[in-house]
Amino acid sequence: MTLFARNGLSVVRAHLRATTNTVLPAVFTRGFADDSNLKKTVLYDYHVANGGKCVPFAGWSMPIQYSDSIMDSTKWCRTNGSLFDVSHMCGITIKGKDAVKFLEKLVVGDIAGIPIGSGSLSVFTNEKGGCIDDTVVTKVADDEIYLVVNAGCREKDLAHMEAHLAPFKAAGGDVSMFVHDERSLLALQGPQAAPTLAGLVGKDVDLSKMHFSQFRHMELAGVPCWVTRTGYTGEDGFEISIPHAGTLHLTENIMANEKVRLCGLGARDSLRLEAGLCLYGNDIEQDISPIEAGLTWTIGKSRRTDWSMLGGEVLKQQLADGVSKRRVGLITSGPPSREGVAITTADGEEVGVVTSGGFSPNLQKNIAMGYVKKAFGKAGTELKVVVRGKVNNAVVTKMPFVETTYFKG
49 MTLFARNGLS VVRAHLRATT NTVLPAVFTR GFADDSNLKK TVLYDYHVAN
99 GGKCVPFAGW SMPIQYSDSI MDSTKWCRTN GSLFDVSHMC GITIKGKDAV
149 KFLEKLVVGD IAGIPIGSGS LSVFTNEKGG CIDDTVVTKV ADDEIYLVVN
199 AGCREKDLAH MEAHLAPFKA AGGDVSMFVH DERSLLALQG PQAAPTLAGL
249 VGKDVDLSKM HFSQFRHMEL AGVPCWVTRT GYTGEDGFEI SIPHAGTLHL
299 TENIMANEKV RLCGLGARDS LRLEAGLCLY GNDIEQDISP IEAGLTWTIG
349 KSRRTDWSML GGEVLKQQLA DGVSKRRVGL ITSGPPSREG VAITTADGEE
399 VGVVTSGGFS PNLQKNIAMG YVKKAFGKAG TELKVVVRGK VNNAVVTKMP
449 FVETTYFKG
């Protein structure tokens, strides 16, 4: 069910299965005898010095956890503050008077309608309406768009964009693309995120007037940064793009707050699952459309007049006729249901498959998401999951599993 190759349990999954109830998805790459051919973020030595356990992830050596357990780290983020190094993700700037026009050929969102200084989740689609990747798109100015794409999709996303950029420019389009390999990306999440940043900004910055999905240029601890009030945990928080040279300085200033802890990708996966957020390669991929994935809301209303994005006619037809499957949340009994677990009726008819699942540290129960036939997608529907040959109960549940706390003013 995933874009990424499988060849048995990775060292990551083996480690997690031995120490927690969490098993991370297959984006944790395989085939590395050591870390000599892995990329490292600017903070790699800092992670190691602070107890970070680094593992292969999408071609990078990234911290999966620190001295605390993944369960404790997940809980901490929801009650205090957590700092994630997500510099493996790919930041891109698209500039030019035709930047919006170009991007709207590739994504489903109403980019023209996004206010300057704001952003939104969107989806790159292919000719069949499937999801090439999901991305957060921010309008810095009418002629400048900043977006972040997934680390595991970087090469195919860039190739896809460049393949469409060349003919667009040849036809007279005014647009250019720049990949930000000179910057790091940090995510500060949780109730302590705003109070922590408030102590690092200048007197001219009022974070209480910066709402969810809004973007600002500002100095943090004297370092010029690009700050977006967003994240991948369901909590209030900020993603901070920062020049490499200032990354360690800012990190140390953030970590001066004893209520903020370093947090690894293990807890990040638990947090996003609790928040009902998709992981590319598991919950969305190239043969799943935004409509099937429950992301119809990302298709801007203005885009539903001409359907000019790639795969637009397919999406138009799906919206008119409905789809045969849908993404749902599940509460399950027995062992946690992992990616690939069959979803059945009580009579044993297979009606779907789990795409992500694990034990929720905050709810203290098993949660999962997956795809089921449309007729079985209503909240409260009782189903079964088959884990290692044993049948366990499952109930379709509305998402998010844990209430989100995005700051909307």
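To convert a position in the sequence shown, counted from 1, into this note's numbering, add 48.
We put the CB at the ideal spot given by N, CA and C, even for glycine.
Remember, predicted model here, so these are calculated numbers, not experimental data.
| Do the CB positions of L91 and P104 come within less than 8 Å of each other? | no
| Who are the Cβ neighbours of A288 in its own chain at under 6 Å, not counting the five residues just before and after it? | According to the sequence provided, residue 288 is Ile. The question's Ala does not apply to it. Here the set comprises L234, C273, V275.
| query | What number of angstroms, rounded off, separates the C-alpha of G221 from the C-alpha of D158? | reply | 19 Å
| query | Would H297 pass as a contact of V271 if the rule is Cβ separation under 8 Å? | reply | yes
| Reduced DSSP category for C311 - H, G, I as helix; E, B as strand; rest coil | coil
| said: Can you tell me where the beta strand (DSSP E) holding Y92 begins and where it ends? | reply: From DSSP, Y92 is part of no beta strand (DSSP E) but of the alpha helix (DSSP H) over 92-97.
| query | Under 8 Å, do M137 and P409 count as touching if we go by C-beta distance? | reply | no
| field | Supposed contact pair F226 and E322 - C-beta distance, whole angstroms, cut 8 Å | value | Taking a contact as a CB-CB distance under 8 Å, the pair E322 and F226 does not count as one, their CB atoms being some 35 Å apart.
| request: Kindly indicate which residue of G161, E451, V185, K426 has the alpha-carbon position closest to the one of L169. | output: V185
| query | Taking Cβ to Cβ, would you say L236 is nearer than 8 Å to G285? | reply | yes
| task | In angstroms with no decimal places, state the Cα-to-Cα distance between K307 and S166. | result | 29 Å
| query | Between V134, G359, T281, which lies nearest to N198 when the distance is taken from Cα to Cα? | reply | Answer by Cα proximity: V134.
| request: Report the partner residues of K438 according to the DSSP bridge assignment. | output: Its beta-bridge partners are V435.
| query | For P215, which of helix, strand or coil comes out of DSSP? | reply | helix
| request: Report yes if the C-beta distance between I339 and L363 is below 8 Å; otherwise report no. | output: Against a cut-off of 8 Å, the Cβ pair of L363 and I339 comes out as a contact.
| field | Under the three-state DSSP convention, the category P104 falls into | value | strand
| said: Spatial neighbours of Y194 within its chain, please: C-beta separation below 6 Å, excluding the five flanking residues on both sides. | reply: For Y194, where only same-chain residues beyond five positions count, the Cβ hits under 6 Å are T141, T186, V188.
| message | So, at 8 Å on beta carbons, what are the nonlocal neighbours of L154 in its own chain, with the 5 sequence-adjacent residues on each side left out? | response | Cβ contact annotation for L154 (same chain, cutoff 8 Å, sequence separation greater than five): F172, T173, H208, M209, H212, M357, L358, in chain order.
| Can the beta-carbon of S224 be found less than 8 Å from the beta-carbon of G144? | yes
| Whole runs of the alpha helix (DSSP H) within the region 268-319, excluding any shorter than 4 residues | 292-302
| Buried versus exposed, by CB contacts within 10 Å (16 or more), G79 | Note that G79 has pLDDT 38, beneath the 50 cutoff, so the model's placement of it is unreliable and no number is given.
| request: May I ask you to report which of helix, strand or coil DSSP gives I118? | output: helix
| query | Since K373 contacts K422 with CB under 8 Å, what's their CB separation in whole angstroms? | reply | Contact between K373 and K422 holds, since their C-beta atoms are separated by about 6 Å, short of 8 Å.
| field | For K101, the nearest candidate out of D335, Y280, G312 (CA to CA) | value | G312
| Where does the unbroken beta strand (DSSP E) through A416 begin, and where does it stop? | 413-421
| said: Closest to T380 by C-alpha separation, out of R277, V434, R351, would be which residue? | reply: V434
| Neighbour-count burial assignment, D93, 16 or more Cβ in a 10 Å radius | exposed
| said: Judging by CA-CA distance, which residue of A242, T429, V402, D317 is the nearest neighbour of F455? | reply: A242
| Do G400 and F424 have their CB atoms nearer than 8 Å? | Yes, these two residues count as a Cβ contact at 8 Å.
| task | Compare the beta carbon distance of M417 and T429 with 8 Å and say whether it is the shorter of the two. | result | no
| query | Is P384 buried or exposed, if buried means 16 or more other CB atoms sit within 10 Å of its CB? | reply | Per the 10 Å Cβ criterion, buried.
| request: Determine which residues share a DSSP beta bridge with C459 and list them. | output: Residue coverage of the chain in this structure runs from 49 to 457, which leaves residue 459 outside it and unanswerable.
| query | Quick one, are the C-beta atoms of V439 and L378 less than 8 Å apart? | reply | No, these two residues do not count as a Cβ contact at 8 Å.
| Neighbour-count burial assignment, L477, 16 or more Cβ in a 10 Å radius | Residue numbering for the chain in the displayed model covers 49 to 457; residue 477 lies beyond these limits and cannot be assessed.
| What do you reckon, are the CB atoms on T344 and R320 nearer than 8 Å? | no
| Residue range of the alpha helix (DSSP H) that includes Q240 | Unbroken run through Q240: none, as it is neither H nor E.
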